[in-house]
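Asker:
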Amino acid sequence: MREVPFALLDEQSKKEIRRAILKGVAIPGYQVPFASREMPIGRGWGTGGLQVTLALIGKEDTLKVIDQGADDSVNAINIKKLVQKTTGVETTSRTQDASIVQSRHRIPEVPLTKEQILVLQVPEPEPLRAIERSEYKTKRYHAEKEYSGAYLMLFEQIMRYNQTSQGADYPVLVNGRYVMNPSPIPRFDNPKIDSNEALILFGAGREKKIYAVPPYTNVQSLAFEDYPFVVEQFEGKICRETGLSNVFLDELTDEKTGETYYLCNDTSYMKEVLARKVAVK
Amino acid sequence: MAYVAVRGGAEAIEASLEHLQYERVKEGAYVAVETLQATMRGFLDQVMSESSLYSEQLAGLAMKQSEGNVEEAIFLLRAHRSTLPRLYYSTTTDARNMFVLRRISASFKDIPGGQILGASHDYLHRLLNFDLLQETAADVVAQKAEFEAIEVPDESELPLENLPKVMDYLRQEGLIREFPENDAEPSDITKESMAFPTNRSQRLQTLTRGQTGTVTSLGYAGLRGYGASHPTVGEVRVGWQSIHVAMDDEDDPYYIGAIKLTEVESFIPVNVDSEDKQVLEFDIGYGACFGQNETKAIAMSIVDHALETGGDTPIHDEEFVLLHVDTIESTGFISHLKMPHYVTFQSKLEQMRTIKKEGKSL
């Protein structure tokens with residue numbers, strides 16, 4: 001009966017989202033409010049990232065979508081299918097071939113380039129929410145660069161456990177100004193944000209915020225001089241298929257032997273390394 | 001190959017979607033959207049209100065497509081909304097001009113224009129009517145004909161348009177607390193996200209599209225002890241409200257249709273300092289929503305007043321109320337918990353193990 005517009009959203013909405021993105025790029029780490037449209041996928045299932053992708057995507061783009069490191073997990077497939085259906089763009093699982101990478105909870109192992117944009121889906125954009133539930137107040141804390149709460153939270157964890165207990169979504173300081181949630185990527189991925197060549201955009205659909213880390217921006221994970229930031233340790237563990245040790249690993253159980261083994265979490269990277277191995281043989 | 005564990009997503013989704021399609025048709029039964037529109041008024045009204053899209057046809061379609069799942073139907077309509085350009089705003093419409101189908105006041109026994117009960121479930125004994133199990137299309141047609149053959153008595157020549165408001169009667173007497181006229185252009189929460197503190201137009205817009213159950217529960221909490229006081233329903237009116245759109249300021253506005261609207265004004269006594277003494281006056285709590293949704297509109301009037309006046313219980317906290325009443329947002333975030341979280345979980349697991357091993361000794 002009706003035709004769905006290119007990239008689903010009407011042009012006015014896309015324009016508004018692009019304006020929010022530009023403002024985000026101009027103020028790295030600052031959460032720019034935007035109206036946030038309802039998407040055909042669940043609000044909390046990547047609608048922020050999806051809106052950013054839809055507002056930016058053009059016919060020439062090549063899209064990669066990952067969820068938890070995998071290109072063919074249910075949610076990644078679903079988002080990719082929706083974008084493809086409404087735009088007809090090419091999709092890929094090879095990180096190097098993508099111009100836009102939308103991701104949930106991971107930054108790919110293959111380094112990004114300045115030709116690429118990484119769009120991260122964000123469930124909770126506010127790094128101070130755990131210590132202050134009021135948006136009215138947290139907004140003021142950011143304005144005043146009042147981040148003692150964020151440090152106190154980590155300090156309390158250290159007092160209790162002798163180390164921080166913030167797993168993923170470990171807060172970072174962007175360009176020496178704004179404290180930001182990097183989205184629930186593992187701490188392992190935090191250093192990748194620092195001075196990345198690609199533009200990194202963050203979309204929080206339900207919370208109606210967009211923020212950005214432009215290329216080559218200084219991004220540091222919050223830490224103390226005597227308690228430096230540490231990423232997840234996979235000491236002595238390697239990917240069973242590729243033998244790689246310098247990647248984020250998934251922990252799995254062999255159903256036959258009951259043994260625990262590990263696999264490279266970034267599935268497209270794992271496949272690529274495997275293909276290379278086969279070629280060498 | 002070991003990594004098959006995470007593969008096969010595309011095929012699995014396709015199969016699941018196909019399964020869903022099958023569930024909709026597996027009984028071999030058919031229902032037309034027109035039939036749903038004609039017989040599911042209550043459902044359509046709730047769905048149109050929560051999706052903030054007024055179209056009985058599209059609500060019927062959403063109902064059919066979602067197999068009567070309210071949350072899904074609203075979702076479909078909201079997502080559809082996002083694909084539509086928004087070109088115009090309607091002009092101000094006054095419920096004084098409503099074509100009234102039902103209008104009652106709990107504040108006075110008799111009100112100017114009369115109490116008009118219209119069609120309501122309120123006076124119904126909620127007993128299952130087992131006859132409906134056997135009802136046929138012919139029965140419906142026959143019953144319709146019977147009703148329509150009834151001669152309408154002369155007294156029913158009541159005016160149903162331009163009925164005076166109960167509130168105006170109290171206002172003339174100076175019993176309503178007066179506020180300066182506020183003709184500020186309303187905000188549009190669908191075009192600009194709210195910042196706190198909010199203005200009233202943002203609050204009313206958020207509440208009117210709020211989840212029926214949530215708004216009702218919050219209103220109930222306000223009434224039961226987490227709010228100021230027991231309001232009296234000044235007036236509930238349900239009827240057809242004309243909507244006009246102006247191309248520019250010069251033109252006469254164009255009539256684009258009428259929507260069914262429920263409007264509620266609740267009277268809430270408040271203490272007011274008046275010159276040398278304290279007096280009691282009434283505040284108005286306001287509720288309005290698409291369709292006939294009387295419980296929601298009344299609850300909305302309670303929450304509206306609670307948010308206007310402030311206090312220390314949750315229903316006075318605008319962030320608590322306004323950030324949690326939306327159907328799409330609450331169901332979306334709750335349901336996202338079904339998505340895989342194994343990366344974040346792995347990150348936590350690694351940390352818990354280290355803490356267990358190296359943690360601080362007490």
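Protein chains in written order, with this note's numbering: chain A, 1 to 281; chain B, 1 to 362.
Ideal placement from N, C-alpha and C gives every residue a C-beta, glycine not left out.
Hey, how far is the Cα of lysine 114/A from the Cα of glutamate 126/A?
Answerer: 27 Å
Asker: Counting along the chain, where does the alpha helix (DSSP H) carrying asparagine 271/B start and finish?
Answerer: Careful: asparagine 271/B lies outside any alpha helix (DSSP H), inside the beta strand (DSSP E) at 254-274.
Asker: Would you call the CB atoms of serine 347/B and proline 186/A closer than 7 Å?
Answerer: Cβ atoms of serine 347/B and proline 186/A: closer than 7 Å.
Asker: Checking 7 Å against the spacing of the C-beta atoms, do glycine 9/B and serine 73/A come in under that value?
Answerer: Taking C-beta atoms as the reference points, glycine 9/B and serine 73/A count as a pair closer than 7 Å.
Asker: How far does the beta strand (DSSP E) with isoleucine 200/A in it reach, from first residue to last?
Answerer: 199-204
Asker: Should glutamine 134/B be labelled buried (16 or more other beta-carbon atoms within 10 Å of its own) or exposed?
Answerer: With a 10 Å radius around the Cβ and a threshold of 16 neighbouring Cβ atoms, glutamine 134/B comes out exposed.
Asker: Rounded to a whole number of angstroms, what is the C-alpha to C-alpha distance between glycine 310/B and aspartate 317/B?
Answerer: The straight-line gap from Cα to Cα measures roughly 7 Å.
Asker: In chain order, what residues of the same chain lie with their CB nearer than 7 Å to the CB of serine 187/B, ignoring the 5 residues before and after it?
Answerer: Asn199, Ser201 and Gln202
Asker: Relative to the alpha-carbon of lysine 338/B, which residue among Gly49/A, Gln121/A, Trp45/A and Ser183/A has its alpha-carbon at the smallest distance?
Answerer: Trp45/A
Asker: How would you write the range of the beta strand (DSSP E) that histidine 244/B sits in, first residue to last?
Answerer: 232-245
Asker: Examine chain C for any beta-carbon lying closer than 7 Å to the beta-carbon of isoleucine 256/B, and answer yes or no.
Answerer: No chain C is present in this structure, whose protein chains are A and B.
Asker: By Cβ distance, which residues of its chain are closer than 6 Å to lysine 145/A, with the 5 residues on each side in sequence left out?
Answerer: none
Asker: Closest by CA to alanine 98/A, which one among Thr62/A, Arg104/A and Val110/A?
Answerer: Thr62/A
Asker: Do you know whose CA, among Lys109/B, Ser82/B and Lys356/B, lies nearest leucine 9/A's CA?
Answerer: Ser82/B
Asker: Please say whether arginine 240/A and tyrosine 261/A have beta carbons closer to each other than 7 Å?
Answerer: yes
Asker: With DSSP as the reference, label valine 152/B as helix, strand or coil.
Answerer: coil
Asker: Please say whether asparagine 190/A and asparagine 218/A have beta carbons closer to each other than 7 Å?
Answerer: no
Asker: Please identify, using Cβ separations under 9 Å, the residues of the segment 20-49 of chain A that lie next to chain B, in order along the chain.
Answerer: Pro33, Phe34, Ala35, Ser36, Arg37, Glu38, Met39, Pro40, Ile41, Gly42, Arg43, Gly44, Trp45, Gly46 and Thr47
Asker: Which term fits asparagine 293/B, buried or exposed, when burial requires 16 or more other beta carbons within 10 angstroms of its beta carbon?
Answerer: buried
Asker: Could you give the residue range of the alpha helix (DSSP H) that holds lysine 357/B?
Answerer: 342-358
Asker: According to the neighbour-count rule (16 or more other Cβ atoms, all chains shown, within 10 Å of its Cβ), is valine 278/A buried or exposed?
Answerer: Burial call: exposed.
Asker: Can you tell me whether serine 51/B is buried or exposed? The criterion is at least 16 other CB atoms within 10 Å of its CB, across all chains shown.
Answerer: buried
Asker: Going by the CB atoms, is the gap between phenylalanine 290/B and tyrosine 54/B shorter than 7 Å?
Answerer: yes
Asker: Closest Cβ-Cβ distance between valine 4/A and chain B: below 7 Å?
Answerer: yes
Asker: How close, in whole Å, do the beta carbons of leucine 61/B and valine 33/B come, if the pair is a contact with beta carbons under 8 Å?
Answerer: 5 Å
Asker: On the criterion of 16 or more Cβ atoms from any shown chain inside 10 Å, does proline 164/B qualify as buried, or is it exposed?
Answerer: exposed
Asker: What would DSSP say about alanine 184/B, mapped onto helix, strand or coil?
Answerer: coil
Asker: Counting only C-beta atoms, is methionine 1/A closer than 7 Å to chain B at any point?
Answerer: Low confidence applies here, because methionine 1/A scores a pLDDT of 48, under 50, leaving its location unreliable and the question unanswered by this model.
Asker: Measure the Cβ-Cβ separation of phenylalanine 188/A and valine 230/A and say whether it is below 7 Å.
Answerer: no
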